[in-house]
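A.B. asks:
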Ligand code: AKB
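In our numbering, the protein residues as written are 1181 to 1536.
#1: Would you mind giving the Cβ-Cβ distance between residue 1429 and residue 1404, rounded to the nearest angstrom? I have them listed as a contact below 8 Å.
#2: Alpha carbons only, please: which of 1481, 1507, 1446 and 1300 is nearest the one belonging to residue 1407?
#3: Whose CA, out of 1370, 1513, 1340 and 1275, lies closest to the CA of residue 1435?
#4: For residue 1456 and residue 1204, I'd like the C-alpha separation in whole angstroms.
#5: Can residue 1510 be considered in contact with ligand 1, in the sense that its beta carbon sits closer than 8 Å to one or more heavy atoms?
#6: Can you look up residue 1248 in the DSSP assignment and give me helix, strand or coil?
#7: How would you label residue 1187, buried or exposed, when you count the other beta carbons within 10 angstroms and need 16 or more for buried?
#8: Alpha carbon to alpha carbon, what distance is there between residue 1497 and residue 1332?
#9: Just the C-alpha distance for residue 1379 and residue 1264, rounded to the nearest angstrom, thanks.
#10: Give the secondary structure of residue 1523 by DSSP, where H, G and I count as helix, E and B as strand, and everything else as coil.
#11: Cβ atoms of residue 1253 and residue 1297: under 9 Å apart, would you say?
#12: Using a Cβ-Cβ cutoff of less than 6 Å, which residues in the same chain neighbour residue 1411 once the five nearest sequence positions on both sides are dropped?
#13: Closer than 8 Å to a non-hydrogen atom of ligand 1 - does that hold for the CB of residue 1207?
#14: Looking only at its own chain, which residues have a Cβ that is under 8 Å from the Cβ of residue 1491, when we skip the five neighbours before and after it?
#15: Could you give the first and the last residue of the continuous alpha helix (DSSP H) run that contains residue 1537?
#16: How far does the alpha helix (DSSP H) with residue 1439 in it extend, from its first residue to its last?
#17: Have a look at residue 1220 and residue 1241 and give me their C-alpha separation to the nearest angstrom.
#18: Taking the alpha-carbon positions, what's the residue 1198 to residue 1452 distance?
#19: Taking residue 1500 as the reference, give the member of 1515, 1318 and 1250 with the closest Cα.
#20: Mapping the DSSP letters down to three states, classify residue 1260 as helix, strand or coil.
#21: Going by other Cβ atoms of all chains shown within 10 Å of its Cβ, with 16 needed for buried, is residue 1342 buried or exposed?
#22: DSSP state of residue 1185, grouped into three classes?
#23: Does the beta-carbon of residue 1444 have 16 or more other beta-carbons within 10 angstroms, so that it is buried, or is it exposed?
#24: Taking DSSP as the reference, what is the three-state secondary structure of residue 1267?
#25: Taking DSSP as the reference, what is the three-state secondary structure of residue 1320?
#26: With a Cβ-Cβ cutoff of 9 Å, do residue 1441 and residue 1510 count as a contact?
#27: Return helix, strand or coil for residue 1288, following the three-state DSSP convention.
#28: Looking at the secondary structure, which residues open and close the beta strand (DSSP E) in which residue 1484 lies?
#29: One question on the structure: do residue 1433 and residue 1210 come within less than 9 Å of each other, judged by their Cβ atoms?
#30: Using CA coordinates, which residue listed in 1233, 1248, 1255 and 1214 is at the minimum distance from residue 1195?
#31: Tell me whether residue 1210, by its Cβ, gets closer than 8 Å to a heavy atom of ligand 1.
#32: Would the beta-carbon of residue 1351 fall within 9 Å of that of residue 1315?
#33: For a minimum of 3 consecutive residues, which ranges assigned as the beta strand (DSSP E) are wholly contained in the stretch 1350-1426?
#34: Out of 1503, 1502, 1517 and 1464, which has the shortest C-alpha to C-alpha gap to residue 1494?
#35: Is residue 1471 helix, strand or coil by DSSP?
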């Protein structure tokens, strides 16, 4: 359960906080470490499971709970003055296809609960609450492999017709975030007046994200990290997409850097609330080639056993994204190319991880 906040003032005042939901997940690990490096000492981490003990010292508080539990969110409102929220908690695309209604509850109702918390916080302390939200390439729905190949790099305003519950959820949350930031309770006499008392929603449509330190679960882009981590352990891997399957990816450090950069960007420079980011877009076969050269014997251990249903999801996602808006407006600049993602980040860290 939750631990009492540090230097609790017995209710006489609320401590400042940066709230991270889904904090125990892949992105959460990297984000907590990055915020600590930036000198933030007021991170409140919320997750369904208890936090990794190594991360707890980097947080002011760690809470175990569910974003659909409104009484928990009300307790957070009573304990903290939240200035920023990184809302990472979600059921990913593959898992959501087995429990679509539960996915809606977590991914949309949970986000609505957090938006409401942010609105109440802004009204309570009179300052804007920055709400950073990871959307996904899953909001795109291309009609098939041929259209996907013809479309090339997709802009933010193209093919926004998701073909998964997760994609529908993420697109809905993008619009909810824009509504709460610009039109919330627009007819109410006591509606928030001026930007100061509102939410400042900022959103990135992430591609597949590859981490050297954590393995994803429940995603459809997982084939890339699963293949890499299996090869590093000398384990066989049956890849569930075709060799020619192609979607955009980025490394976890670049994903965390992008969120922090967007969160810190001057609002006057932003023309929209939703941005594409990408870094490299290899085919599954190209990833297999790099991995086979890096790990002796992997070539014989990596096979292709296509799951046509999951392949249909990947065929609806873009082969690559146009992220020129993010690069122009808030200086998005991934450090890793496909080559350096492996040479500088994945291979050294993954080898060290499995050498133990
Ligand atoms: C998934 O595969 O569901 C996620 C995503 C691409 O948003 N990693």
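Glycine included, every Cβ here is placed at the ideal spot set by N, Cα and C.
C.D. replies: Per the coordinate set shown:
#1: Counted from its first residue, the chain shown places residue 1429 at position 249. Counted from its first residue, the chain shown places residue 1404 at position 224. 6 Å between Cβ atoms; contact.
#2: Locating residue 1407 in the chain shown gives position 227, counting from the first residue. Closest by alpha carbon: 1481.
#3: By 1-based counting over the chain shown, the position of residue 1435 is 255. Ranking 1370, 1513, 1340 and 1275 by Cα distance to residue 1435 puts 1513 first.
#4: Numbered from 1 along the chain shown, position 276 holds the residue referred to as residue 1456. Numbered from 1 along the chain shown, position 24 holds the residue referred to as residue 1204. Near 24 Å, if we compare the C-alpha coordinates of residue 1204 and residue 1456.
#5: Position 330 of the chain shown, counted from the first residue, corresponds to residue 1510. Checking every heavy atom of ligand 1 against the Cβ of residue 1510, none is found closer than 8 Å.
#6: What you label residue 1248 is simply residue 68 of the chain shown in a count that begins at 1. Coil at residue 1248, not helix or strand.
#7: Counted from its first residue, the chain shown places residue 1187 at position 7. Confidence is the limiting factor: at residue 1187 the pLDDT is only 39, short of 50, which leaves the residue's position unreliable and the question unanswerable from this model.
#8: The residue labelled residue 1332 in the question sits at position 152 within the chain shown. The residue labelled residue 1497 in the question sits at position 317 within the chain shown. The alpha-carbon atoms of residue 1332 and residue 1497 are separated by roughly 11 Å.
#9: Taking the first residue of the chain shown as 1, we reach residue 1379 at position 199. Taking the first residue of the chain shown as 1, we reach residue 1264 at position 84. When rounded, the distance between both Cα atoms is 9 Å.
#10: To locate residue 1523, count along the chain shown from 1; it is residue 343. Reduced to three states, the DSSP call for residue 1523 is helix.
#11: Numbered from its first residue, the chain shown carries residue 1297 at position 117. Numbered from its first residue, the chain shown carries residue 1253 at position 73. It is a contact, given that the beta carbons lie within the stated cut-off.
#12: Residue mapping note: residue 1411 aligns to position 231 of the chain shown, counting from 1. The answer, listed in chain order, is 1471, 1475 and 1478.
#13: The sequence position of residue 1207 within the chain shown is 27, counting from 1. No, the Cβ of residue 1207 stays beyond 8 Å of every heavy atom of ligand 1.
#14: Position 311 of the chain shown, counting from 1, holds the residue named residue 1491. Hits under 8 Å: 1420, 1421, 1422 and 1425.
#15: An answer regarding residue 1537 cannot be provided, because it is not within the stretch 1181 to 1536 covered by the chain.
#16: For the purposes of this step, residue 1439 is identified with residue 259 of the chain shown, where counting begins at 1. 1432-1444 is the span of the alpha helix (DSSP H), which, as asked, contains residue 1439.
#17: The residue you call residue 1220 lines up with position 40 of the chain shown. The residue you call residue 1241 lines up with position 61 of the chain shown. Between residue 1220 and residue 1241, the C-alpha separation is close to 13 Å.
#18: To locate residue 1198, count along the chain shown from 1; it is residue 18. To locate residue 1452, count along the chain shown from 1; it is residue 272. So the alpha carbons of these two residues sit roughly 23 Å apart.
#19: As a position in the chain shown, residue 1500 is number 320, starting the count at 1. Nearest of 1515, 1318 and 1250 to residue 1500, Cα basis: 1318.
#20: Counted from its first residue, the chain shown places residue 1260 at position 80. If DSSP states are grouped into helix, strand and coil, residue 1260 belongs with the strands.
#21: Walking along the chain shown from the start, residue 1342 turns up at place 162. Looking at its Cβ environment, which holds 16 or more other Cβ atoms inside 10 Å, residue 1342 is buried.
#22: Position 5 of the chain shown, counting from 1, holds the residue named residue 1185. At residue 1185, the pLDDT of 42 sits below 50, so the modelled position is not reliable; the number obtained from the coordinates is stated separately. Residue 1185 falls in the coil class under three-state DSSP.
#23: Position 264 of the chain shown holds residue 1444. With fewer than 16 other Cβ atoms within 10 Å, it is exposed.
#24: As a working note, residue 1267 is residue 87 in the chain shown. In this structure, residue 1267 counts as strand in the three-state DSSP scheme.
#25: If you number the chain shown from 1, residue 1320 lands on position 140. In the structure shown, residue 1320 sits in coil (DSSP, three-state: anything other than H, G, I, E or B).
#26: Numbered from its first residue, the chain shown carries residue 1441 at position 261. Numbered from its first residue, the chain shown carries residue 1510 at position 330. In contact: residue 1441 and residue 1510 (Cβ atoms closer than 9 Å).
#27: Sequence index remark: in the chain shown, residue 1288 carries index 108 (1-based). Correct three-state label for residue 1288: helix.
#28: Counting from one through the chain shown, the residue named residue 1484 turns up at place 304. It spans 1482-1484 - the beta strand (DSSP E) in which residue 1484 sits, taken as one unbroken run.
#29: Reading the chain shown from its first residue, position 253 is the one you call residue 1433. Reading the chain shown from its first residue, position 30 is the one you call residue 1210. Yes. Within cutoff.
#30: For the purposes of this step, residue 1195 is taken as the residue at position 15 of the chain shown. Considering only alpha carbons, the answer is 1255.
#31: Along the chain shown, one-based indexing puts residue 1210 at 30. Result no, Cβ not under 8 Å from ligand 1.
#32: On the chain shown, residue 1351 is found 171 positions in, with the first residue counted as 1. On the chain shown, residue 1315 is found 135 positions in, with the first residue counted as 1. It is a contact, given that the beta carbons lie within the stated cut-off.
#33: 1379-1386, 1388-1390 and 1417-1419
#34: Reading the chain shown from its first residue, position 314 is the one you call residue 1494. When each option's Cα is compared against that of residue 1494, the closest is 1464.
#35: The count along the chain shown starts at 1 and reaches residue 1471 at position 291. Helix at residue 1471.
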